[in-house]
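In what follows, a single structure is set out as structure tokens and then discussed.
Numbering (my numbering), first residue to last: 91 to 305.
Below, the structure is given as structure tokens:
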């Protein structure tokens with residue numbers, strides 16, 4: 091079955107002009123940069139997962155990661171890390187954060203500018219999350235992440251047990267996980283483990299609250 095291409099809410103991507111003139115950039119690096127630019131906010135900040143970029147471009151995640159490393163080395167992308175903001179890793183979160191450098195000497199964005207936007211693209215068939223930044227506020231970030239975590243749980247339950255769970259019924263528990271910075275990959279893995287354990291002992295389908303105890 092053909093790989094599902096994530097829905098892209100924007101119809102444009104603003105690229106650094108200097109990338110067009112850079113003969114050293116490979117086609118893969120240029121395309122990855124263009125995909126990242128789809129998700130930048132007004133400060134160049136974006137939160138795209140390598141899975142999202144790979145699905146858009148038809149590239150595997152390893153090649154996407156290598157292209158991003160080259161873009162960082164060439165000065166087109168800056169990795170944003172916790173120590174730059176004197177924050178603990180747990181507060182900074184586990185999501186990869188980047189800044190596309192439209193100017194080589196672009197200032198480091200403030201924490202408020204980083205937090206100013208995040209939204210989640212559709213969850214993949216395997217339940218993995220695609221983290222994308224398109225200009226929503228911090229409250230929207232939690233709401234969007236909550237939705238993705240709930241979807242990840244429901245998809246994993248259906249995959250392992252054949253049972254259908256309603257996303258709307260899981261949002262409250264998903265929000266608690268979102269506020270902890272839990273990822274969809276963690277929810278998926280924990281749900282699969284919980285479902286397998288429940289099936290082994292012929293128990294009912296574990297709730298998201300049960301799954302949360304494993305994370």
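Just so it is clear, CB atoms sit at the ideal spot from N, CA and C, and this is done for glycine as well.
Residue i to residue j span [Cα, whole Å]
i, j, result
"residue 232", "residue 124", "26 Å"
"residue 193", "residue 266", "38 Å"
"residue 270", "residue 164", "34 Å"
"residue 268", "residue 274", "9 Å"
"residue 289", "residue 253", "12 Å"
"residue 134", "residue 283", "38 Å"
"residue 119", "residue 175", "28 Å"
"residue 242", "residue 196", "36 Å"
"residue 256", "residue 244", "7 Å"
"residue 107", "residue 246", "42 Å"
"residue 248", "residue 137", "28 Å"
"residue 162", "residue 169", "7 Å"
Buried versus exposed call for residue i [16 or more other C-beta atoms within 10 Å across all chains shown]
i, result
"residue 281", "buried"
"residue 272", "buried"
"residue 262", "exposed"
"residue 102", "exposed"
"residue 293", "exposed"
"residue 238", "buried"
"residue 116", "exposed"
"residue 139", "buried"
"residue 158", "buried"
"residue 305", "exposed"
"residue 298", "buried"
"residue 264", "buried"
Delimiting residues of the alpha helix (DSSP H) encompassing residue i
i, result
"residue 121", "117-127"
"residue 169", "Run containing residue 169: none in the alpha helix (DSSP H); it sits in the beta strand (DSSP E), 167-169."
"residue 269", "261-269"
Rounded distance between the beta-carbons of residue j and residue i, thought under 8 Å
i, j, result
"residue 199", "residue 146", "Rounded, the Cβ-Cβ distance is 24 Å, inconsistent with contact."
Residue range of the beta strand (DSSP E) that includes residue i
i, result
"residue 190", "188-190"
Review point. At a cut of 8 Å, does the stretch 101-117 reach the stretch 136-151 through at least three beta carbon pairs?
Key: At 8 Å Cβ cutoff, the stretches do not touch.
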